[in-house]
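Residue numbers (the working numbering), protein chains in the order written: chain A, 76 to 635; chain B, 223 to 411.
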Amino acid sequence: MENDFEFDAIVVGSGPTGGWAAKELTEKGLKTLILDRGRMVEHSIDYEFEGTPVYDMPYRGKWPPGLQEKYYQQWPANPWTYNYWNDDTRFPYINDPEKPFMWARSGAFGGKSIVWGRQTYRWSDLDFKANERDGHGIPWPVEYADIEPWYGYVERFMGVQGEARGLPQLPDSEFTGQVPLNFAEEQFKREVEGKLGRAITVGRTMNLMEDRPEQGRGRCQFRDQCGNGCSYGAAPSTQATTLPAAQKTGNLTIRADATVAELLYDAERQRVAGVRVIDTNTKEETLYRSRIVFLCASCLGTTHLLLNSKTEAMPRGLGNTHDMVGRHVMDHLFGVGATGTLPGHTHLMEYGRRPASLYIPRFRNIDAQPDEDADFIRGYNYQAWGGGRSGPQDYSGFGASLKAQLRVPGAWRLPLHGFGEVLPYHRNRAYLDETRTDDLGLPLMRFDVEWGENEKKMAKEIAAEAVRMLETAGFVDIEVRETMGTPGEGIHEMGTARMGDDPTLSVVNKWNQMHEAENVFITDGAFMTSAGTVNPTMTYMAFTARAADHAVELMQSGQL
Amino acid sequence: MDRRKFLIAMSAALGSQLILPLQRVLSAKADIDPVNFSGGGTLFSDAERASLADLTEIIIPTTDTPGAIEAGVPAYIEFMLAEWYEQDERVRFMVGLKQIIAYALAKDDADFADLDGARQTELVQQLHDGRVPLMQDGGRAFFEHLKQLTLTGYYTSEIGMTVERVYLPVPGYFDGHYPYENVGTLFTS
Chain A
76 MENDFEFDAI VVGSGPTGGW AAKELTEKGL KTLILDRGRM VEHSIDYEFE
126 GTPVYDMPYR GKWPPGLQEK YYQQWPANPW TYNYWNDDTR FPYINDPEKP
176 FMWARSGAFG GKSIVWGRQT YRWSDLDFKA NERDGHGIPW PVEYADIEPW
226 YGYVERFMGV QGEARGLPQL PDSEFTGQVP LNFAEEQFKR EVEGKLGRAI
276 TVGRTMNLME DRPEQGRGRC QFRDQCGNGC SYGAAPSTQA TTLPAAQKTG
326 NLTIRADATV AELLYDAERQ RVAGVRVIDT NTKEETLYRS RIVFLCASCL
376 GTTHLLLNSK TEAMPRGLGN THDMVGRHVM DHLFGVGATG TLPGHTHLME
426 YGRRPASLYI PRFRNIDAQP DEDADFIRGY NYQAWGGGRS GPQDYSGFGA
476 SLKAQLRVPG AWRLPLHGFG EVLPYHRNRA YLDETRTDDL GLPLMRFDVE
526 WGENEKKMAK EIAAEAVRML ETAGFVDIEV RETMGTPGEG IHEMGTARMG
576 DDPTLSVVNK WNQMHEAENV FITDGAFMTS AGTVNPTMTY MAFTARAADH
626 AVELMQSGQL
Chain B
223 MDRRKFLIAM SAALGSQLIL PLQRVLSAKA DIDPVNFSGG GTLFSDAERA
273 SLADLTEIII PTTDTPGAIE AGVPAYIEFM LAEWYEQDER VRFMVGLKQI
323 IAYALAKDDA DFADLDGARQ TELVQQLHDG RVPLMQDGGR AFFEHLKQLT
373 LTGYYTSEIG MTVERVYLPV PGYFDGHYPY ENVGTLFTS
C-alpha cells in the first residue's frame, strides 16, 4: 500500500452527478480527487466514431465479429458507442433468467453522461409528496421549494431546451431555446390539446441551443450523434461541461481506470477515512484518504460499494445496519406504447435530426389520488423519439424501377413511448453474490426485482391511452405495444440508499448525507425515495449541487 | 432445354467431389480491409466474381446515379460473406450463385458474365419469378438473398449514401416541414 494522498474530497464516479460534485467542490476550494472505474475518454479526442458515416465504419456499421460478445449484457451499446460501455466478460452481473434484470453500466470516464437520453424535467410537489400521500415508501424530507433554486442553477450552466407551459405537475425549467415539432407531431398536438384538453409539448432535453465560447461549447447541430460523443459540447457529457469547470480551478485530480473496491470505515470516528482503489487494468491497489466522500458511482455502483464495505462495526456493509441498502430498487416502467401513421402530407419531410421530439406530460392522478376512473396510483408520461417519415416501403422488383421506389420515404409515423412511475417495494433488491467474483475479485451483483400490480395496471392504461390519443388525432394503422419492459430496461435505476429523516428506514438524510457516516454523501440515483414520473437525471444533478454546498458549509463551520 | 447438359453442369458445380473443397474455400478468411474492401477476396473464382458483379448491377443499375458496380457492391458482398456471415448462410449463397452460373452455361453454353445485358436480365427475371429449375424455390430464395445483400451494400456505400441519397452530416437546424421535392430522395447521416 503505497501512494497515500490526502484530499479534501473524493468523488467516486464521473457521470452526470460525479461531474457536478467535482465542479462544485473544486469551485468552493476543496482539493478533490475524482475516480472512475472506466477508461479515460478525453473530450472530442476519444470520441472514436463520432461523425463516422456507415460507409466508413468497419463492416458498414454491423458489429465486427466477436466484439459484441464483450458487451453481451450492454444492450444499448452499438458499433459507434461500445467504447463507452462495460466489458461484460470481465465485469458481468448475475442475471437470473427467472427474474431478469437489465443493468446498463458504463465503462468510460464520464460514465453515462456521454450516452444518456438527456431528457430533462423538474419534479413537482406532486412527486415529492407522493409517498406521504398514498403511504408507499417513506416520506421525502424535502419538497419542491428546497430544490427549485438548484434546478435553476443546473439548468443555467448546462443549457436546457424546451417550451414553458406553466403546468403545475411539470414546472418549467429556465429554458435556452426550443426544438421544433415535426409536421405529424403538430397535427397530434393540435388535435389532442383541442379534443382531450391534454397539454402536448416538445421533450425537454439538456442540449445546448446557443454558442457559449466561455464554456468551450457550441450549439446543437441537429446531427443526432449525442451518444457517440459530441465534440460541439452541445450534448451534456461531463467532459464537455462540468469537468472543464472543475479543472479550471486547479483543485482537481483525475484518475480513470480506478475501481473503488471499498470505503474504509473508521468506527471510532464513525466516518469514512478513505477509499481502497484497484487499478482496473494493472490490479494494483492504492488507498486514498479524504475528509469527505461523494458517492456518484451510479445507483447500483454505489450499492455495490456500500455492500462491499463490510467492517466489524457494520458487517452487512456501510450504512446497512437496518438492511436498507440495496432495497427499494426502482426504475421507470418502459416498453409500453403505440405507433400510428398519419395519412397523406407526403410532400413534406424532416430536414435535420433533433435531439428531442414530442412529449406528453403527465395528465393522470393529478387532482385526485387516484382519479375516480383509475385503478392505479401515480402517473406516467410519453416520449416520442423515432418518428418522422418512415423508410421506403416498396421493395418489389429490381432494376431502375426499384431504385426509383427507394427514393420515396414512407408515411409520417408517430411512436408514443410510455414512462410510468414504479413504487418503492422493500422486496425489490440488489445484493452481492456470496461466491462469484469479477476479474478484480469483487463480488458480483445480483437482483431480485419485479413489477407489482400497480405497475401492471398502469401499463395497460399507458397502451390504451396511447391508442386513444393517436386515434383522436387522426392517425391510422396503429401498432400497440403492451409488453412491459424488463426491470432496469428504463436505465433509471434508483432508490437503493434512500433519503429520509428516520435513520432506521433510510440511508441518507435530507442533505444526502449518510446517517451512519456523516462525511459520506450519496447523490446518484441511489438516494431517491420515490421514482417520480419524469426522467430523473437533472434531479440527481440538482441534489448533488445542493449537497456539495451543504458539505462545504459543514466543513467551514468545523462540523466535518 | 438440354436437361442432360444442365445436370452435368449442375453436378460439376455441386457434385459430391466438390463439397469438401467448396467448404474449405467458403471457410477461408479473405484478407480484406474491413472498411476499404479491396475486392481481392478469396471467396469467388474469377468467373463467379464477374457474374456476381453483373447480377448486382441488374438489381441496382446505373441510371442518373451510379449503379452497384461503381458503388463497390460486389466487393462488399464478397467481403461480408467471407468475413461476417455464418458458414451456413455463406454456403447457401455460394450454392445459389454456382447454380445460376451452371444454369446459364447449360442453357446458353456461355458464362453468365459473357451474356448480353438483355439475356442476363431475363435470367434475373427468372430467378425473381422462381422459374429456374432445380434451384430452391425456383431461384427465388437466392434472388432475395442476393437482393438483400445488394441493397445493403449499395445504400451503405459512399455512393449510395452521398450520390443516390443526400448525405447530411451536419444539418445545423431542424425543419419539420421540409419539401420533399427539394431533394427527391432520402437524407442520410
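Cβ atoms here follow ideal geometry from the backbone N, Cα and C, with glycine treated the same way.
Keep in mind it's a predicted model, so treat the numbers as computed, not measured.
Given a cut-off of 8 Å on the beta-carbon distance, is the pair residue i and residue j in contact?
i, j, result
"A:Val595", "A:Val347", "yes"
"A:Tyr159", "A:Ile189", "yes"
"A:Leu423", "A:Met533", "no"
"A:Ala388", "A:Ile553", "no"
"A:Leu327", "A:Thr107", "yes"
"A:Glu260", "A:Leu491", "no"
"A:Phe184", "A:Val235", "no"
"A:Val368", "A:Val87", "yes"
"A:Leu635", "A:Glu593", "yes"
"A:Arg180", "B:Pro391", "no"
"A:Asp238", "A:Cys374", "Strictly speaking, residue 238 of chain A in this sequence is Glu, with Asp absent from that position. It is not a contact, given that the beta carbons lie outside the stated cut-off."
"A:Pro430", "A:Thr280", "yes"
"A:Gly45", "A:Glu496", "Residue 45 of chain A cannot be examined here, being either before or after the span of chain A that is shown, 76 to 635."
"A:Thr357", "A:Thr334", "no"
Mind listing the chain A neighbours of residue i? Cutoff is C-beta to C-beta under 8 Å, in chain order.
i, result
"B:Leu337", "Neighbours of B:Leu337 on chain A: none; closest Cβ ~16 Å, over 8 Å."
Hey, residue i and residue j are a contact pair by Cβ (cut 8 Å); roughly how many whole angstroms apart?
i, j, result
"B:Gln347", "B:Val354", "Not confirmed; about 10 Å, so no contact."
"A:Cys371", "A:Ala622", "Between A:Ala622 and A:Cys371 the Cβ distance is about 10 Å, and since that is not below 8 Å, they are no contact."
"A:Arg240", "A:Thr276", "6 Å"
"A:Gly549", "A:Gln262", "7 Å"
"A:Val229", "A:Ala617", "5 Å"
Please state the DSSP three-state secondary structure of residue i.
i, result
"B:Asn404", "helix"
"B:Asp397", "strand"
"A:Tyr146", "helix"
"A:Asp83", "strand"
"B:Val295", "helix"
"A:Thr107", "strand"
"A:Leu517", "coil"
"A:Gln480", "helix"
"A:Asn158", "helix"
"A:Glu509", "strand"
"A:Asn594", "strand"
"B:Ser273", "helix"
"A:Ala333", "strand"
"A:Trp225", "helix"
"A:Cys301", "helix"
"A:Gly415", "strand"
"A:Trp526", "coil"
"A:Thr421", "coil"
"B:Thr343", "helix"
"B:His350", "helix"
"A:Arg636", "It is not possible to answer for residue 636 of chain A, since the shown part of chain A is limited to 76 through 635."
"B:Leu265", "coil"
"A:Tyr615", "helix"
"A:Phe166", "coil"
"B:Leu337", "coil"
"A:Trp95", "helix"
"A:Thr280", "strand"
"B:Pro243", "Only weak support is given to the placement of B:Pro243: the predicted model assigns it a pLDDT of 35, under 50, and the question is left unresolved by the model."
"A:Ala309", "coil"
"A:Ala348", "strand"
"A:Leu629", "helix"
For residue i, return the contacting residues in chain A, with the cut-off set at a CB-CB distance below 7 Å.
i, result
"B:Tyr395", "Phe297, Gly427"
"B:Thr264", "Going along chain A, no residue has its Cβ under 7 Å from B:Thr264, so there is no contact; the nearest lies around 17 Å."
"B:Ser379", "Tyr130"
What does residue i touch in chain B if you count any residue whose Cβ is under 9 Å from its own?
i, result
"A:Trp421", "A quick correction: the sequence has Thr, not Trp, at residue 421 of chain A. Result: Tyr402."
"A:Tyr146", "Correct list: empty, because the minimum Cβ distance to chain B is about 17 Å."
"A:Phe250", "Correct list: empty, because the minimum Cβ distance to chain B is about 16 Å."
Against residue i, what residues of chain B qualify as contacts under a CB-to-CB distance less than 7 Å, listed in chain order?
i, result
"A:Val254", "Phe396"
"A:Met424", "Tyr400, Tyr402"
For residue i, go through chain A and note every residue whose CB falls closer than 9 Å to its CB, in chain order.
i, result
"B:His367", "Within 9 Å Cβ-Cβ: nothing; B:His367 doesn't reach chain A, min ~13 Å."
"B:Ile299", "The contacting residues do not exist; B:Ile299 stays about 11 Å from chain A at best."
"B:Val295", "Result: empty, since nearest Cβ-Cβ is about 11 Å, beyond 9 Å."
* **Contacting positions in the stretch 118-129 of chain A - beta carbon closer than 9 Å to chain B** => Gly126, Pro128, Val129
* Using a Cβ cut-off of 7 Å, which residues of the stretch 338-362 of chain B contact any Cβ in chain A, in chain order? -> Val346, His350
* chain B contacts from the stretch 133-167 of chain A (Cβ-Cβ distance under 8 Å) -> Pro133, Tyr134, Arg135, Gly136, Lys137, Pro139, Pro140
* Asked: Which residues, taken in chain order from the stretch 258-285 of chain A, show a beta carbon closer than 9 Å to some beta carbon of chain B?
  -> Phe258, Ala259, Glu260, Glu261
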